[in-house]
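-9 is the number of the first residue of the sequence shown in our numbering; add one for each residue after it. Worksheet: one structure, shown below.
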Amino acid sequence: MDTVASLSKFHEEGTAQIHPVVLSGGAGTRLWPLSRASYPKQLLQLVSERSMLQDTVARNLTDIGFAAPLLVCNESHRFLVDDQLRQIGVTPQAILLEPTARNTGPAIAAAALWLLARAPDALMLVQPSDHIIAAPQAFHAAVMRGLAAAQAG
-9 MDTVASLSKF
1 HEEGTAQIHP
11 VVLSGGAGTR
21 LWPLSRASYP
31 KQLLQLVSER
41 SMLQDTVARN
51 LTDIGFAAPL
61 LVCNESHRFL
71 VDDQLRQIGV
81 TPQAILLEPT
91 ARNTGPAIAA
101 AALWLLARAP
111 DALMLVQPSD
121 HIIAAPQAFH
131 AAVMRGLAAA
141 QAG
């Protein structure tokens, strides 16, 4: 079955929904002086007219079964993240706040626990907010292959 057919079947059956978990916890140290603790690189417009965070979230706005995103960010960035989402017309499921940065594993665990309490069969797609993906169609095809594998157990 090709990707388009599998997407249609996925939508019709409604058996699962992909929950994008966007990690936005950067410390702003790698691209100094552009990036800084109060305004890390994922909040900057580096490769398009949108910030890297906005580009990441926008990749999930296609009609292939993505739920609203769940974001994990530093507590001090919560208003910036919320404002950037509002600028592109996205209402997240939630913005989980890290009082102290503890790296990727704990952020993913917090998102998994949050989703588990609300949708025990949820499928997470964890995405850093500072990656450049030049071929969104290939990205979506890879996500669909992953979805098929996850549904198969």
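Think of the CB as a built atom: it goes at the ideal place given N, C-alpha and C, for glycine as much as any other residue. These numbers were taken from a predicted model, which means no experiment stands behind them.
Comparing alpha carbon positions, the residue from 78, 92, 114 closest to residue 102 is 114. Beta-bridge partners of residue 8 (DSSP): 56, 113.
In the structure shown, residue 88 adopts extended strand secondary structure according to DSSP, grouped into three states.
If you ignore the 5 residues before and after residue 74, its C-beta comes within less than 7 Å of the C-beta of 33, 41, 43, 44, all in its own chain and listed in chain order. According to the DSSP assignment, residue 96 belongs to the alpha helix (DSSP H) that extends over 94 to 108. Residue 88 counts as buried, since no fewer than 16 other beta carbons sit within 10 angstroms of its beta carbon.
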